[in-house]
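**Student:** Numbering (the numbering used here), first residue to last: 65 to 329.
Glycine included, every Cβ here is placed at the ideal spot set by N, Cα and C.
First the structure, which I've put down as structure tokens, then a few questions once you've had a look.
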Ligand SMILES: [Zn+2]
């Protein structure tokens with residue numbers, strides 16, 4: 065009984081984090097039966113092998129049949145961490161892939177060496193299957209990207225302050241509107257929950273670049289196929305951003321002063 069519960073928990077966790085991991089875990093349990101010698105080690109080895117082959121060689125080939133593609137990384141565009149690709153969290157509809165390419169090229173051309181850094185996108189399969197903790201990243205049209213930072217010499221840098229990419233906030237300054245206080249007063253306790261997901265802070269020598277972030281957002285908003293962009297209200301005011309595409313994500317979501325979210329039609 066305990067073993068079944070443990071298996072179920074592993075299955076759910078692997079599915080929530082990687083979408084395909086749970087199924088592959090079941091497959092490896094079937095391939096290495098319960099009577100096998102060194103069962104745990106063999107199953108783990110088979111699972112890791114199956115998972116890596118499926119993730120890097122099979123899913124990228126079959127995802128397009130479900131309407132999604134792996135994000136094409138270039139000299140202008142990369143994931144914040146290899147964990148995003150390892151966990152199959154880097155799939156988008158072809159339109160979003162094109163938009164990412166165009167935005168990153170335009171931004172990287174204006175700022176040589178500076179990349180568009182993406183975080184969570186979508187899983188490869190099944191519309192409606194959420195990529196937790198983001199409930200809306202379920203259709204291939206949504207992506208989170210990192211803010212832009214500058215180094216001690218005020219030059220733009222590709223470094224980011226959060227190891228995971230989330231949870232290190234560019235807080236409201238004195239006098240700026242504080243959406244987090246408002247949402248937490250309304251008992252939306254999850255609004256700043258990603259502070260627990262940063263996996264630690266790093267690169268203490270960098271600071272938020274208003275100019276770089278504003279320029280990047282400007283390029284994104286110019287894209288005809290981009291429908292909406294979320295950023296925390298105090299940053300929208302600080303960067304003097306104006307566009308019908310800028311929407312407030314609501315207190316049921318999480319704060320957007322550690323990353324930008326945008327979506328295509
Ligand atoms: Zn998002």
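So, using beta-carbon positions, are residue 170 and residue 283 closer together than 7 angstroms?
**Tutor:** Translated into positions along the chain shown, residue 170 becomes position 106. Translated into positions along the chain shown, residue 283 becomes position 219. Cβ atoms of residue 170 and residue 283: closer than 7 angstroms.
**Student:** Comparing C-alpha positions only, which one of 75, 323, 122, 241 sits nearest to residue 229?
**Tutor:** Taking the first residue of the chain shown as 1, we reach residue 229 at position 165. Minimum Cα distance to residue 229 is reached at 323.
**Student:** Check whether the Cβ of residue 208 lies closer than 6 angstroms to any heavy atom of ligand 1, and answer yes or no.
**Tutor:** Here the question's residue 208 lines up with position 144 in the chain shown. Indeed, a heavy atom of ligand 1 lies less than 6 angstroms from the Cβ.
**Student:** Suppose you measure from the CA of residue 194 to the CA of residue 152; what does that come to, to the nearest Å?
**Tutor:** The sequence position of residue 194 within the chain shown is 130, counting from 1. The sequence position of residue 152 within the chain shown is 88, counting from 1. Taking the straight line joining both Cα atoms gives about 13 angstroms.
**Student:** My understanding is that residue 188 touches residue 155, with C-beta atoms under 8 angstroms, so please give their C-beta distance in whole angstroms.
**Tutor:** Counted from its first residue, the chain shown places residue 188 at position 124. Counted from its first residue, the chain shown places residue 155 at position 91. With a Cβ gap of about 4 angstroms, residue 188 and residue 155 count as contacting.
**Student:** Less than 6 angstroms between the CB of residue 198 and some heavy atom of ligand 1, yes or no?
**Tutor:** Stepping through the chain shown from its first residue, residue 198 is reached at position 134. Result yes, Cβ under 6 angstroms from ligand 1.
**Student:** Looking at the structure shown, is residue 324 part of a helix, part of a strand, or coil, going by DSSP?
**Tutor:** The count along the chain shown starts at 1 and reaches residue 324 at position 260. If DSSP states are grouped into helix, strand and coil, residue 324 belongs with the strands.
**Student:** Kindly identify the DSSP beta-bridge partner or partners of residue 290.
**Tutor:** Your numbering for residue 290 matches position 226 in the chain shown. DSSP, once it has assigned bridges, lists 328 as partnering residue 290.
**Student:** Just to confirm the assignment, what range does the beta strand (DSSP E) spanning residue 210 have?
**Tutor:** The residue labelled residue 210 in the question sits at position 146 within the chain shown. First-last of the beta strand (DSSP E) with residue 210: 206-210.
**Student:** What does a CB cutoff of less than 8 angstroms around residue 330 pick up in its chain, not counting 5 residues either side in sequence?
**Tutor:** The question about residue 330 has no answer, for the chain in this structure spans 65 to 329.
**Student:** Between residue 236 and residue 298, which are expected to be in contact by the criterion C-beta below 8 angstroms, what is the C-beta distance as a whole number of angstroms?
**Tutor:** As a position in the chain shown, residue 236 is number 172, starting the count at 1. As a position in the chain shown, residue 298 is number 234, starting the count at 1. With 8 angstroms as the limit, residue 236 and residue 298 qualify as a contact, their Cβ atoms being about 4 angstroms apart.
**Student:** For residue 135 and residue 293, I'd like the C-alpha separation in whole angstroms.
**Tutor:** What you label residue 135 is simply residue 71 of the chain shown in a count that begins at 1. What you label residue 293 is simply residue 229 of the chain shown in a count that begins at 1. Going from the Cα of residue 135 to the Cα of residue 293 covers about 19 angstroms.
**Student:** Does the distance from the CB of residue 205 to the CB of residue 160 come in under 7 angstroms?
**Tutor:** The residue given as residue 205 occupies position 141 in the chain shown. The residue given as residue 160 occupies position 96 in the chain shown. Yes, the Cβ-Cβ distance between residue 205 and residue 160 is below 7 angstroms.
**Student:** If we ignore side chains and look at the alpha-carbon of each, how far apart do residue 114 and residue 251 end up?
**Tutor:** As a working mapping, residue 114 is identified with position 50 in the chain shown. As a working mapping, residue 251 is identified with position 187 in the chain shown. The alpha-carbon atoms of residue 114 and residue 251 are separated by roughly 43 angstroms.
**Student:** Rounding to the nearest angstrom, what Cα-Cα distance links residue 144 and residue 226 in this structure?
**Tutor:** As a position in the chain shown, residue 144 is number 80, starting the count at 1. As a position in the chain shown, residue 226 is number 162, starting the count at 1. Approximately 10 angstroms, taken between the alpha carbons.
**Student:** By DSSP's criteria, residue 309 is part of a beta bridge. Which residues make up the other side?
**Tutor:** For the purposes of this step, residue 309 is taken as residue 245 along the chain shown, with counting starting at 1. DSSP output for residue 309 lists no bridge partner at all.
**Student:** How should residue 186 be labelled, buried or exposed, when 16 other C-beta atoms within 10 angstroms of its C-beta is the threshold for buried?
**Tutor:** Along the chain shown, one-based indexing puts residue 186 at 122. Under this definition residue 186 is a buried residue.
**Student:** Among residues of its own chain, excluding the 5 on either side of residue 256, which ones have a beta-carbon nearer than 6 angstroms to its beta-carbon?
**Tutor:** Here residue 256 is taken as the residue at index 192 of the chain shown, counted from 1. 244, 319.
**Student:** Taking just the CA atoms, how far does residue 192 sit from residue 117?
**Tutor:** To locate residue 117, count along the chain shown from 1; it is residue 53. To locate residue 192, count along the chain shown from 1; it is residue 128. Those two C-alpha atoms are separated by around 25 angstroms.
**Student:** What is the rounded straight-line gap between the Cα of residue 258 and the Cα of residue 288?
**Tutor:** Position 194 of the chain shown, counted from the first residue, corresponds to residue 258. Position 224 of the chain shown, counted from the first residue, corresponds to residue 288. Those two C-alpha atoms are separated by around 30 angstroms.
**Student:** Less than 7 angstroms between the C-beta atoms of residue 303 and residue 278, yes or no?
**Tutor:** As a working mapping, residue 303 is identified with position 239 in the chain shown. As a working mapping, residue 278 is identified with position 214 in the chain shown. The answer is yes: Cβ separation under 7 angstroms.
**Student:** Please classify residue 261: does DSSP put it in a helix, a strand, or coil?
**Tutor:** For the purposes of this step, residue 261 is taken as the residue at position 197 of the chain shown. Three-state result, residue 261: helix.
**Student:** Just tell me which of 83, 105, 112 has its CA closest to the CA of residue 13.
**Tutor:** It is not possible to answer for residue 13, since the shown part of the chain is limited to 65 through 329.
**Student:** Whose C-alpha, out of 240, 233, 321, 254, is nearest the C-alpha of residue 266?
**Tutor:** Here residue 266 refers to the residue found at position 202 when the chain shown is read from its first residue. For the residues 240, 233, 321, 254, the minimum Cα distance to residue 266 belongs to 233.
**Student:** How many Å lie between residue 88 and residue 111 at the Cα?
**Tutor:** Along the chain shown, one-based indexing puts residue 88 at 24. Along the chain shown, one-based indexing puts residue 111 at 47. Between residue 88 and residue 111, the C-alpha separation is close to 7 angstroms.
**Student:** Beta-carbon within less than 7 angstroms of residue 133's beta-carbon, same chain only, minus the 5 sequence neighbours each way: which residues are those?
**Tutor:** For this step, residue 133 is matched to residue 69 along the chain shown. Within the same chain, residue 133 has close Cβ partners 127, 155, 156, 158, 161.
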